[in-house]
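Per the working numbering, the sequence shown starts with residue 194, numbered consecutively. Cβ coordinates follow ideal geometry from the N, Cα and C atoms, glycine included. Reviewing the structure listed below.
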Amino acid sequence: MKKKVKNPKPRRTMHLDARVTQEEFKTIKSKAYICGLTISDYIRRCALGHRPKRHLTDREIKAYCSIYEARRDLINIANALRGRSEEEKLLIFSDVKFMQDWTKAASDLIVYWDNTVKKMKE
């Protein structure tokens, strides 16, 4: 049984030709590769007013996942505290050892995020 295509893409039958220098060609080819597009797709999108975005590198994806996991941990902490009374929160946060450990963990997390952002900018 054949699948029915709901909205088939219009077939591209027209051809455009543009002359570029060798340096321009290298630049366009490089930018298309960075965006994960063919040269034709890249040029078409640019000509139609789109700004193709570059794909994330493996390192950037790993950094993003790490930040996402840290965000999830912070949300879990906030949710755990949300269900507590003010008295319970005061008891938890008045424990000096707990606060020292919590402050160290938060500080380490901030340093890690800062380093991750710096690495992504390199």
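For residue i, does the count of other Cβ atoms within 10 angstroms reach 16, so buried, or fall short, so exposed?
i: A225; result: buried
i: A240; result: exposed
i: A256; result: buried
i: Y235; result: buried
Over the uninterrupted alpha helix (DSSP H) stretch that includes residue i, give me the two end residues.
i: K202; result: Element bounds for K202: n/a, residue is neither H nor E.
i: D234; result: 232-240
i: T259; result: In the sequence as displayed, the identity of residue 259 is Ser instead of Thr. That run of the alpha helix (DSSP H) goes 251-275.
i: A225; result: 215-228
i: K246; result: Neither: K246 is in no alpha helix (DSSP H) and is coded neither H nor E.
i: S287; result: 279-287
From this set, the options, which residue's C-alpha is nearest residue i's C-alpha?
i: S259; options: V304, T220, P203; result: V304
i: L302; options: E281, A273, L267; result: L267
i: W145; options: Q215, P201, A263; result: With the chain covering only 194 through 315, there is no way to say anything about residue 145.
Evaluate contact between the region 306-313 and the region 252-266, counting only Cβ atoms and requiring at least three cross-stretch pairs below 8 Å. A contact is defined here as three or more CB-CB pairs under 8 Å, and the region 306-313 meets this definition with respect to the region 252-266.
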